[in-house]
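Chemist: Input: one structure, supplied below.
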Amino acid sequence: MIQLDQVSFAYPSQGPTVRDLSFHIRKGEFVALLGANGAGKTTTVRLIDGLIRPTSGRVLIGGADTAGSSVSQRARRVGFLFQNPDRQICKNTVREEILFGLNAVRAEEGPEKLAARTDRVLADFGFTGDEEPFSLSRGQRQRVALASILAAEPEVLILDEPTTGLDYQECCHIMDRIRRMNREQQVTVIMVCHDMEVVLDYVDRALVMAGGRLLADGPVRQIFRDAALMERASILPPQMIDLSLRLDLPGADSPETMADAILAAKGGKPA
Ligand SMILES: Nc1ncnc2c1ncn2[C@@H]1O[C@H](COP(=O)(O)OP(=O)(O)OP(=O)(O)O)[C@@H](O)[C@H]1O
Ligand SMILES: [Mg+2]
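In the numbering used here, the protein residues as written are 160 to 430.
Encoded structure:
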């Protein structure tokens, strides 16, 4: 679905921000992009979305080089949720907002189909459509931005720190919705995220970046258990992984498996 071949990128009058990145992501994968501030994560997802073009190398979406496609062609295939929903919302009601986004990428379907798409997504997200986005909570505005992107049914969803500023319940709402879409519709998801607990709970595979380069690529639990890698990338692993490593109980990385492992170590029976 997504392929980067030796991609490098430099902002004007700067040294390279992203260097020699090569990886591919298959359809239906849920991948996290991890790394410290300034590692090059946002730059990488902007390259995938085609918002910026590689200085060298190639980015392919579904086998097609993004260099040969227009912004609207890409916007139809790739949805991009920014960290701050207020950078994406510009209309006075939720219905207008969703229609506005749809008109930008699917205008040729005509007003009736777009209205039907809008109704479907409003019902799915539990909005009437008459809500005023800017009087909603931050978490609800993030859901409006997500609804607006999902209405166009993208094949790839890019999320740049989607849970920052959300409380636990809002975070679960957003992430559960994204996981459902990933599992049921095989939408490929790439998420930049600084919350390693969210990554552990939702993501299958992690790409780790530092200094614009790819340091590692593998299953999330394996990545988090690599203490030397975590240090190089300045990442603190999730608490359960940290605890399981300290207790030398490598398989115990959820509360349930931890409880069983401790009982087993004491000669008791699993709960
Ligand atoms: N528009 C820009 N112009 C010039 N330099 C930029 C621009 N955007 C980012 N940079 C620089 O590129 C480097 C990588 O930035 P990027 O935003 O990709 O990092 P990041 O991994 O997303 O960091 P964060 O976790 O803080 O969001 C940083 O040194 C940053 O200062
Ligand atoms: Mg960033």
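Glycine included, every Cβ here is placed at the ideal spot set by N, Cα and C.
CB Ile257 to CB Val230, shorter than 8 Å?
Modeler: No, the Cβ-Cβ distance between Ile257 and Val230 is not below 8 Å.
Chemist: What do you reckon, is the C-beta of Thr416 under 7 Å from a heavy atom of ligand 2?
Modeler: No; taking the cut-off as 7 Å, the Cβ of Thr416 has no heavy atom of ligand 2 nearer than that.
Chemist: Quick check: does the Cβ of Asn243 come within less than 7 Å of any heavy atom belonging to ligand 1?
Modeler: No - ligand 1 has no heavy atom lying nearer than 7 Å to the Cβ of Asn243.
Chemist: Give me whichever residues DSSP pairs with Phe239 in a beta bridge.
Modeler: Answer is Ile317, bridged to Phe239.
Chemist: Per DSSP, which one or two residues make a beta bridge with Ala274?
Modeler: Answer by DSSP bridge pairing: none, since Ala274 is not bridged.
Chemist: If you draw a straight line from the C-alpha of Thr416 to the C-alpha of Thr201, how long is it?
Modeler: Cα to Cα, Thr416 sits roughly 35 Å from Thr201.
Chemist: Under 7 Å from any heavy atom of ligand 1, does the C-beta of Lys250 make it?
Modeler: Result no, Cβ not under 7 Å from ligand 1.
Chemist: So is Asn459 buried or exposed if we call it buried at 16+ other beta carbons inside 10 Å?
Modeler: The displayed coordinates of the chain run from 160 to 430. Any statement about residue 459 would go beyond what the structure contains.
Chemist: Return yes when the Cβ of Leu316 is within less than 8 Å of the Cβ of Ile337, no when it is not.
Modeler: It is a contact, given that the beta carbons lie within the stated cut-off.
Chemist: Considering only heavy atoms of ligand 2, does any lie closer than 7 Å to the CB of Val133?
Modeler: The structure shown does not extend to residue 133, since the chain spans only 160 to 430, so no value can be given for it.
Chemist: Just how far apart, CA to CA, sit Ser294 and Leu422?
Modeler: Between Ser294 and Leu422, the C-alpha separation is close to 50 Å.
Chemist: Between which two residues does the alpha helix (DSSP H) harbouring Thr176 extend?
Modeler: Looking at the DSSP string, Thr176 is not in any alpha helix (DSSP H); the run it does join, the beta strand (DSSP E), is Pro175 to Ile184.
Chemist: For Ser307, count the other beta carbons within 10 Å of its own beta carbon; 16 or more makes it buried, fewer makes it exposed. Which is it?
Modeler: Classification of Ser307: buried, given that the 10 Å Cβ count is 16 or more.
Chemist: If contact is defined by three or more beta carbon pairs under 8 Å, each pair taking one atom from either stretch, is the segment 365-373 in contact with the segment 169-188?
Modeler: Result yes; three or more Cβ-Cβ pairs closer than 8 Å.
Chemist: Can you tell me which of the three DSSP states Gln345 falls into?
Modeler: Coil at Gln345, not helix or strand.
Chemist: Counting Cβ pairs closer than 8 Å, one from the segment 390-401 and one from the segment 189-209, do we hit at least three?
Modeler: These segments touch.
Chemist: Confirm the yes/no value for this check: CB of Thr203, any heavy atom of ligand 2, distance under 7 Å.
Modeler: No, since every heavy atom of ligand 2 falls outside the 7 Å radius drawn around the Cβ of Thr203.
Chemist: Sorted by chain position, which residues of the same chain lie with C-beta nearer than 6 Å to Leu408's C-beta, five sequence neighbours on each side aside?
Modeler: These residues qualify, in order along the chain: Ala420.
Chemist: With a CB to CB cut of under 7 Å and the five nearest residues on each side skipped, what residues in its chain are close to Phe284?
Modeler: Result list for Phe284: Arg302 and Ala306, in chain order.
Chemist: Can we count Thr322 as close to ligand 3, meaning its CB is less than 7 Å from some heavy atom?
Modeler: Ligand 3 is not part of the structure shown, which contains ligand 1 and ligand 2 as its ligands.
Chemist: Quick check: the segment 211-221 against the segment 238-245, are there 3 or more CB pairs under 8 Å?
Modeler: No, because fewer than three Cβ pairs between the segment 211-221 and the segment 238-245 fall closer than 8 Å, the two stretches do not touch.
Chemist: Can Arg212 and Ala234 be called in contact, C-beta distance under 8 Å?
Modeler: Contact: no.
Chemist: Nearer than 7 Å: is that true of the beta carbon of Val351 relative to any heavy atom of ligand 2?
Modeler: Yes; taking the cut-off as 7 Å, the Cβ of Val351 has a heavy atom of ligand 2 nearer than that.
Chemist: Are Lys272 and Phe259 closer than 8 Å when you measure CB to CB?
Modeler: No, Cβ-Cβ distance for Lys272 and Phe259 is not below 8 Å.
Chemist: Between the segment 396-407 and the segment 201-210, do at least 3 Cβ pairs fall closer than 8 Å?
Modeler: With the cut-off at 8 Å, the segment 396-407 and the segment 201-210 do not touch.
Chemist: Does DSSP put Asp354 in a helix, a strand or coil?
Modeler: The answer is coil: DSSP assigns Asp354 none of H, G, I, E or B.
Chemist: Would you report the Cα separation of Glu329 and Asp335, rounded to the nearest angstrom?
Modeler: Answer to the nearest angstrom: the Cα atoms are 10 Å apart.
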